[in-house]
Amino acid sequence: MNRNRFAAQLGISIAALSIAAAAQAQTAPDDGQPADTDIIVTGQRASQRRAIEAKRDAIGVLDVAASDEIGRLPDRNVSEVVEHLPGVGVTYDQGEGRYVAIRGVPSNLNNYTLNGIEIGNPDGTTRSLPLDIVSGQLLNRVEVAKVKTADMDGQGIGGTINLVTQTAFDFKDRFTVAASAKAGYQELNKKVPVQADLSIASRFGADEQFGLVLGASYSNRDFVSEGFYPDNWKPVAGAARGGIPDNIKYTEYSLDRRRIGATGSFDWRPSDRQSFYVRGIYSKFIEDEVRPRYRLDFATNALLGLNGDRITNPAFTLNPDGLTGTITGSGPERREDLRLDYKAKWLTTGMVGGSTDLGRLRFDYEGAYSRNETLDQFPIWQFRCNPGTVDFDFSDKIYTAGPRTECRADQMQFRQYTYSHQLNTEKIWQGKLDATYDLGEGSFLKFGAKYRGTDRDFDQNNPTYVRGSAANRWTLGQYGLDAPAICVYPNSQDTDQCYSNGPVFDIGALQGFTDQHLGDALMPIDPVATLANDTLADFSLTEDVAAAYAMANIRLGAVTVTPGLRYEHTRLDITGYQLEDGATIVPASRRNSYDDWLPSLLVKIAPSRDTIFRLAYSKSLGRPEYSTLSPGGSIDTVEGSVSLGNPDLKPYRADNLDATAEWYFAPGGILSVGVFAKFIRNPIFSRTTVLRDTTFNGVFYPTLEISQPFNAEKGDIIGIEAQYQQQFTFLPGLLSGLGIQLNGTLTDSTLTLPDGRSSTFPSQSKYLYGAELFYQKGAVEASIAYHNTGKALLSAGDVWYNDQYNDDLRRLDAKASFALLRDVRLFVEAQNLTDEPTRQYQAGNRDWVIQNERYGRTFYAGVSAKF
Numbered sequence: 054m055n056r057n058r059f060a061a062q063l064g065i066s067i068a069a070l071s072i073a074a075a076a077q078a079q080t081a082p083d084d085g086q087p088a089d090t091d092i093i094v095t096g097q098r099a100s101q102r103r104a105i106e107a108k109r110d111a112i113g114v115l116d117v118a119a120s121d122e123i124g125r126l127p128d129r130n131v132s133e134v135v136e137h138l139p140g141v142g143v144t145y146d147q148g149e150g151r152y153v154a155i156r157g158v159p160s161n162l163n164n165y166t167l168n169g170i171e172i173g174n175p176d177g178t179t180r181s182l183p184l185d186i187v188s189g190q191l192l193n194r195v196e197v198a199k200v201k202t203a204d205m206d207g208q209g210i211g212g213t214i215n216l217v218t219q220t221a222f223d224f225k226d227r228f229t230v231a232a233s234a235k236a237g238y239q240e241l242n243k244k245v246p247v248q249a250d251l252s253i254a255s256r257f258g259a260d261e262q263f264g265l266v267l268g269a270s271y272s273n274r275d276f277v278s279e280g281f282y283p284d285n286w287k288p289v290a291g292a293a294r295g296g297i298p299d300n301i302k303y304t305e306y307s308l309d310r311r312r313i314g315a316t317g318s319f320d321w322r323p324s325d326r327q328s329f330y331v332r333g334i335y336s337k338f339i340e341d342e343v344r345p346r347y348r349l350d351f352a353t354n355a356l357l358g359l360n361g362d363r364i365t366n367p368a369f370t371l372n373p374d375g376l377t378g379t380i381t382g383s384g385p386e387r388r389e390d391l392r393l394d395y396k397a398k399w400l401t402t403g404m405v406g407g408s409t410d411l412g413r414l415r416f417d418y419e420g421a422y423s424r425n426e427t428l429d430q431f432p433i434w435q436f437r438c439n440p441g442t443v444d445f446d447f448s449d450k451i452y453t454a455g456p457r458t459e460c461r462a463d464q465m466q467f468r469q470y471t472y473s474h475q476l477n478t479e480k481i482w483q484g485k486l487d488a489t490y491d492l493g494e495g496s497f498l499k500f501g502a503k504y505r506g507t508d509r510d511f512d513q514n515n516p517t518y519v520r521g522s523a524a525n526r527w528t529l530g531q532y533g534l535d536a537p538a539i540c541v542y543p544n545s546q547d548t549d550q551c552y553s554n555g556p557v558f559d560i561g562a563l564q565g566f567t568d569q570h571l572g573d574a575l576m577p578i579d580p581v582a583t584l585a586n587d588t589l590a591d592f593s594l595t596e597d598v599a600a601a602y603a604m605a606n607i608r609l610g611a612v613t614v615t616p617g618l619r620y621e622h623t624r625l626d627i628t629g630y631q632l633e634d635g636a637t638i639v640p641a642s643r644r645n646s647y648d649d650w651l652p653s654l655l656v657k658i659a660p661s662r663d664t665i666f667r668l669a670y671s672k673s674l675g676r677p678e679y680s681t682l683s684p685g686g687s688i689d690t691v692e693g694s695v696s697l698g699n700p701d702l703k704p705y706r707a708d709n710l711d712a713t714a715e716w717y718f719a720p721g722g723i724l725s726v727g728v729f730a731k732f733i734r735n736p737i738f739s740r741t742t743v744l745r746d747t748t749f750n751g752v753f754y755p756t757l758e759i760s761q762p763f764n765a766e767k768g769d770i771i772g773i774e775a776q777y778q779q780q781f782t783f784l785p786g787l788l789s790g791l792g793i794q795l796n797g798t799l800t801d802s803t804l805t806l807p808d809g810r811s812s813t814f815p816s817q818s819k820y821l822y823g824a825e826l827f828y829q830k831g832a833v834e835a836s837i838a839y840h841n842t843g844k845a846l847l848s849a850g851d852v853w854y855n856d857q858y859n860d861d862l863r864r865l866d867a868k869a870s871f872a873l874l875r876d877v878r879l880f881v882e883a884q885n886l887t888d889e890p891t892r893q894y895q896a897g898n899r900d901w902v903i904q905n906e907r908y909g910r911t912f913y914a915g916v917s918a919k920f
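The working numbering applies: residue 54 is where the sequence shown begins, and numbers increase by one.
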């Protein structure tokens, strides 16, 4: 994008909004009350209005998704709740939202808090919190803070996602029971997913000074996804798509995904000046996965005889159309892999705190302990054969390639078995103290301190078993371990197109055979690979952060100025493991520390209650991923990849500029435009080197990828976001129930990679936009929502054609409900109505598909009630 044109468009947008807002300020009475205070607003309108009020009253730039009147957020998990907010992009996994990018900043650079205190992360070796672990039904609201004040943690270049749990004082009635249950239908596997939640809230005591709320939720989805996963595209002369991939891979994932959650809060308010609370949240995410994968290597560099981009192997024929061809001889390799994955994630946080009001001076204090854990264990079996001549056809993006004579079970020879057991444990102790001195007239001084201590351990055991001597080699069919072929249907444009995967596995027989022969002559252990795999990925890390801050909020009529300064000291102790001479494991320990001064300045201009302008500067940081800091590394002998850490990495540091204009033109209505710029130093990228026919730590690899993270020099992100929401209460009759919500974000970024190439930031989508048409009138509520997350860089490769991208993701969902009784509603939901797959591609070329994963449509019906 032309930066001058961008700035001009920005100026015009803000100027237009300013004129409209000024006109509204002259004509609308500023009595501080909405025009229809005598009307009781319920349902989705009530939640939308609460969200707008929170945004209006915030010091900084804040977007909120609030629960409805029975305390429910609308979507399956937290990531899908915040996806409808401006500037938020979501990465989906198996049809559910998981990771969130804010304003083009990757999810690992966000901060994640629970009631304002860091929640930690169970997810292995990353700082990216998988938000599908938390059910939205246990929360009062979700806040996305895009501008930091000094009293907020320095972590979070994109922003802070704050999960706010329910308390008994959030409910209107003294005693409330709210419940919801639904069951569904999944198009691809005809199974019935279920979900239920229950909240009980009560205030008691002579003055209702005590409050207790307990909540629980459960969901279960037994579903399939149909996937197509080629990789390693490279430029090839004469190819119509400009290149050819190494292989074709596809599979049908069969998954059983369960989520169990609980929350509780006990509050005591003995007086207007004193309060205490104890709160906690527990969430467990469980996933069982079965994945028999078809793989055919038919166009590797060796089979092409690639010299530059020219094919030199006469056995490989690319026809003049550049789309079809043949490879003859015994070179192609057919693989059939089976992976059985069990994954469980636990997220647990408990906190105690309170506040003491001494007149003008108020103290807020809080302590918390979190324990988060991930267990991931999976066996992988691998069988191979050489099928002979292969024909391929790239006419469609979801292309076809297959041997003229498919391998039989008695030709599929055992090659390797591994059993991976990964355990990640995180323990966090933290406490903070805030003091606020009221200066009157909305002004105050605030200062405080915080300490967080994090201990994280990652342990992997991954013994590797290989084929025996020639006399002890065996096949899948030799012992009756095979099962008939299955069809995979990954193409949502042609849902009847079958990709045959077979022979597959008799899983029970294969497991029994493995238990019987593991470690004997048929399946001997590989001691070199096992030693490396059992140790090199392990690390233990202690990260301590001590912080102090001071800030002021000075209200001068229509102008409020909020300066602040935060100091954070980060200290790291980390131990990893290295392999010497292919046989000796050596611990490697490193220490690191750094200091950050994080100033901020916010200016809020409110010429009327309905018109607000905000200007802000803030400085923030993003600490490196845990795994990238380890002085050790990991080796994946199955896929042929080596990952090494770098304990000398510097944190990302960003200077952030924001300007917004907001017009609250009617109850439930908002028009806002905001611009932002982030100037980021020390961005971290992995540099990948691909080696052919090489030996690493005593193991031979036909292809080996070695990656290690490094700091790049700098990058920047600029963008503009807009939001419009209106409820058309001025329309006559039934039409007065209509409303619309629109949001869009346009983002541009530049990043210089370690090899000198220019790129965008990972997860930065140029276009994010969404639209929701909703209706509420009498007993009926309904909405249909569309959201597009634009294409984004997934990871940068060693050369341009190894860069990987997420393609556009377009979701269309709908829901409707009917009030059967005053506090009982029946509802229906439809998800992914367009059968949208998730797609990834290589080298910025959408024809170079490396993933096309299809989930189908899902429909629900249920009932919700409040008493």
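A virtual CB, placed ideally from N, CA and C, is assigned to each residue, including glycine.
Please classify residue i: does DSSP put it in a helix, a strand, or coil?
i: Y679; result: helix
i: D689; result: strand
i: G565; result: helix
i: Q817; result: coil
i: W527; result: coil
i: A203; result: coil
i: R310; result: strand
i: E106; result: helix
i: P580; result: helix
i: I771; result: strand
i: R98; result: helix
i: A462; result: helix
i: S132; result: helix
i: N586; result: helix
Given residue i, which residues of its chain have a CB within under 6 Å of its CB, disregarding the five upstream and five downstream residues?
i: N164; result: D206, Q208, G209, T213
i: Y908; result: G148, S278
i: Y913; result: K235, G237, E882
i: L651; result: G207, R619, K672
i: T229; result: A254
i: A290; result: D362, R363
i: E508; result: With the sequence shown as reference, residue 508 is identified as Asp, and Glu is not the correct amino acid for it. If we look at D508 and ignore the five residues flanking it on each side, its Cβ neighbours are K480, T595.
i: F351; result: I380, P385, V443, A454
i: N273; result: V247, R311
i: C460; result: R387, C438, P440
Rounded to a whole number of angstroms, what is the C-alpha to C-alpha distance between residue i and residue j?
i: F319; j: F263; result: 7 Å
i: F500; j: K703; result: 28 Å
i: I186; j: I339; result: 9 Å
i: K503; j: S673; result: 16 Å
i: V114; j: D708; result: 16 Å
i: K337; j: G403; result: 15 Å
i: H474; j: G797; result: 43 Å
i: S233; j: R312; result: 15 Å
i: A582; j: N554; result: 29 Å
i: I539; j: T742; result: 37 Å
Whole-angstrom Cβ separation of residue i and residue j, contact assumed at under 8 Å?
i: F467; j: W399; result: Contact doesn't hold; Cβ gap of about 36 Å is too wide.
i: A600; j: F666; result: That belief does not hold up - the Cβ atoms of A600 and F666 are roughly 30 Å apart, past 8 Å.
i: I301; j: L349; result: 5 Å
i: E171; j: G150; result: Not confirmed; about 22 Å, so no contact.
i: V598; j: R505; result: 5 Å
i: T805; j: G768; result: 7 Å
Per DSSP, what are the beta-bridge partners of residue i in this structure?
i: Y602; result: G501, R619
i: S272; result: Q248, R312
i: R740; result: Q761
i: G727; result: T713, E774
Could you name the residues of the same chain whose beta carbon sits closer than 7 Å to that of residue i, not counting the 5 residues immediately before and after it, in chain order?
i: R644; result: L625, D626
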